[in-house]
Amino acid sequence: MHNVILYAIAFTILICITIFEMSELIVDATKNQLTVRTIAIALGSAATLGVLIFAYRNQIKRKVADLEYGSHGEKEIQRLRADLDLLRSEVEELREQFSRGRTVTFSRSSGQFGSKSCLKQTGAGGGRSLSPGRRSVTSDEEYYTDADDDWETPQAPRQTNGAAVVPASDSKEQIFAHLDQLFESLQGADEQYDTLKKMDNETPDDPRVLWRLARACQMQSGQFEKKDPRKKEKLLEGREYGQRACVLAPNEFEAIKWAAGLTGSVTDYLPTKERIEQGKVFENYLDRGLEINPRDFTILHMRGRFRYQVSQLSWVERKMAATFFGEPPSATIGEAIQDFEAADREKPEWCENLMWLGKSHLANKDKASARKAFERCIAIPPKDATSRQSVQESNELLPKC
Numbered sequence: 323m324h325n326v327i328l329y330a331i332a333f334t335i336l337i338c339i340t341i342f343e344m345s346e347l348i349v350d351a352t353k354n355q356l357t358v359r360t361i362a363i364a365l366g367s368a369a370t371l372g373v374l375i376f377a378y379r380n381q382i383k384r385k386v387a388d389l390e391y392g393s394h395g396e397k398e399i400q401r402l403r404a405d406l407d408l409l410r411s412e413v414e415e416l417r418e419q420f421s422r423g424r425t426v427t428f429s430r431s432s433g434q435f436g437s438k439s440c441l442k443q444t445g446a447g448g449g450r451s452l453s454p455g456r457r458s459v460t461s462d463e464e465y466y467t468d469a470d471d472d473w474e475t476p477q478a479p480r481q482t483n484g485a486a487v488v489p490a491s492d493s494k495e496q497i498f499a500h501l502d503q504l505f506e507s508l509q510g511a512d513e514q515y516d517t518l519k520k521m522d523n524e525t526p527d528d529p530r531v532l533w534r535l536a537r538a539c540q541m542q543s544g545q546f547e548k549k550d551p552r553k554k555e556k557l558l559e560g561r562e563y564g565q566r567a568c569v570l571a572p573n574e575f576e577a578i579k580w581a582a583g584l585t586g587s588v589t590d591y592l593p594t595k596e597r598i599e600q601g602k603v604f605e606n607y608l609d610r611g612l613e614i615n616p617r618d619f620t621i622l623h624m625r626g627r628f629r630y631q632v633s634q635l636s637w638v639e640r641k642m643a644a645t646f647f648g649e650p651p652s653a654t655i656g657e658a659i660q661d662f663e664a665a666d667r668e669k670p671e672w673c674e675n676l677m678w679l680g681k682s683h684l685a686n687k688d689k690a691s692a693r694k695a696f697e698r699c700i701a702i703p704p705k706d707a708t709s710r711q712s713v714q715e716s717n718e719l720l721p722k723c
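Okay, so the sequence shown: first residue is 323 according to the numbering used here, each after it adds one.
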């Protein structure tokens, strides 16, 4: 600013000198000298004032521009700071979700599922088998029923085909471990279901979630009497989860086992035609499960139950089965006994299996073996409703031996 003023003063002096010299040439030395010099001084002052105003105006413009730029810069900085704070909060939220093993999804795939597609798919994989714990999936009276009140860790390793399996974080595995512990202790059926439903919504089509959902539905169904429609609803829901899990991971042993268990349980509520159809599906699941783990006592027991029921089919039922399948299912009571005995070797202290073993020996006219099985069953302290029912039925059948 000081430099501008000095330039303006110098420029004014130069103008004044020039005007003054010109005035001496134009007018007489004696006439109007004072007036002309006065005019020259006025013009010089006006020019100086104009230069000063121009310089000051430019300086003001620069300051205004600087202020505007500074205001804009400050606003930009504030906006960037706000964006940075938002980004930090989102990073913290994502970090928290990752620590909980949660995943956000926006769509769910859908499709048909069933045992045939499951059983025809092949794949390879590996992993450990989680203990599904102890819970009965018994249906006592009807055709093609299945049972199991002591489901423990299978001896064959858990296998998956690697398809549609969502990689789990440690926290997800911890959730699974907690849910498995609840199941093994016969507690928290509703908690298991609610937790798994939430996980299924967040990470759909994870077979590890789905077969546990099937298991939770089976467990919840035990809260209702057989004639309660809610029991049927839960079993149907569980069968859907189990079959979905089996389609997604056809070599996943737990998926196959629970698909089999729920398929067998649902047959109690089906008309004869559907019951026979589902019986075939049930048999396919059992065969597939035993291919993976031929020593699993739960699958052996369920196949024994299936063979027992098939061996007791009436002539009419066999004809109906032949109509649907061309060839009716075939099994003998001897084959059922073989399965029950194989399950007994793997799990000796199992009330339900012993009761069915005795029942099969009784149907085979081997009263001595039947008595032995019933007495072993009665000697085991029952630990749940299914065990008590098996002990009660053994006591009722024992006099027939």
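The C-beta atom is built at its ideal place from N, Cα and C for all residues, glycine as well.
Scanning its chain for C-beta atoms nearer than 7 Å, with the 5 sequence neighbours on each side dropped, one finds around Ser682 the residues Tyr630, Ile655, Ala658, Ile659 and Phe662, in chain order. Burial check for Pro616: the Cβ neighbour count within 10 Å stays below 16, so the residue is exposed.
Non-local C-beta neighbours of Arg561 in its own chain, meaning closer than 6 Å and more than five positions away in sequence, comprise Leu584, Thr585 and Val588, ordered along the chain.
Non-local beta-carbon contacts of Ile702 in its own chain, meaning distances under 6 Å to residues more than five positions away in sequence, involve Glu671 and Cys673 in chain order. In the DSSP assignment, Pro529 falls within the alpha helix (DSSP H) that extends over Pro529 to Ser543.
Its Cα nearest to that of Asp688, the residue Leu720 stands out among Val713, Leu720 and Arg667. Closest by C-alpha distance to Gly510, out of Ile700, Asp528, Gln540 and Asp527, is Gln540. Between Lys722 and the set Cys568, Ala690, Ala644 and Asp590, the nearest pair of CA atoms involves Ala690.
Pro593 carries a coil assignment under DSSP once its states are collapsed to helix, strand and coil. Collapsing the DSSP output to three states places Gly583 in a helix. Around the Cβ of Val632, a 10 Å sphere holds 16 or more other Cβ atoms; the residue is buried. When only Cα atoms are considered, Ala692 and Glu547 end up about 30 Å apart. A direct Cα-Cα distance of roughly 35 Å separates Arg710 from Met521. Non-local C-beta neighbours of Lys553 in its own chain, meaning closer than 6 Å and more than five positions away in sequence, comprise Ser543 and Phe546, ordered along the chain. About 7 Å separates the beta carbon of Ala567 from that of Glu574, a gap short enough to meet the 8 Å contact definition.
The straight-line gap separating the alpha-carbon atoms of Phe646 and Ala653 is approximately 17 Å.
Pairing Thr517 with Gly564, the inter-Cα distance amounts to about 17 Å.
Within the same chain, Cβ atoms closer than 7 Å to the Cβ of Ser712 are found at Cys673, Glu674, Met677 and Cys699, the five residues on either side in sequence being excluded. Separation of Leu504 and Asp609 (C-alpha to C-alpha, rounded to the nearest whole angstrom) is 29 Å.
For Glu559, the CB contacts under 7 Å within the same chain, skipping 5 residues up- and downstream, are Cys539 in chain order.
Pairing Pro529 with Leu570 gives a Cβ-Cβ distance under 8 Å. For Leu557 against Arg534, the beta-carbon gap comes to about 16 Å, at or over 8 Å, which does not count as contact.
Assignment of Pro551 by DSSP, reduced to helix, strand and coil, places it in the helix class. Sorting Asp512, Pro651, Asp706 and Val531 by C-alpha distance to the C-alpha of Ile497 places Val531 at the top. DSSP, read as helix, strand or coil, puts Gly510 in coil. Proximity to Phe696 across Ala577, Asp706, Ala707 and Gln714 peaks at Gln714, based on C-alpha coordinates.
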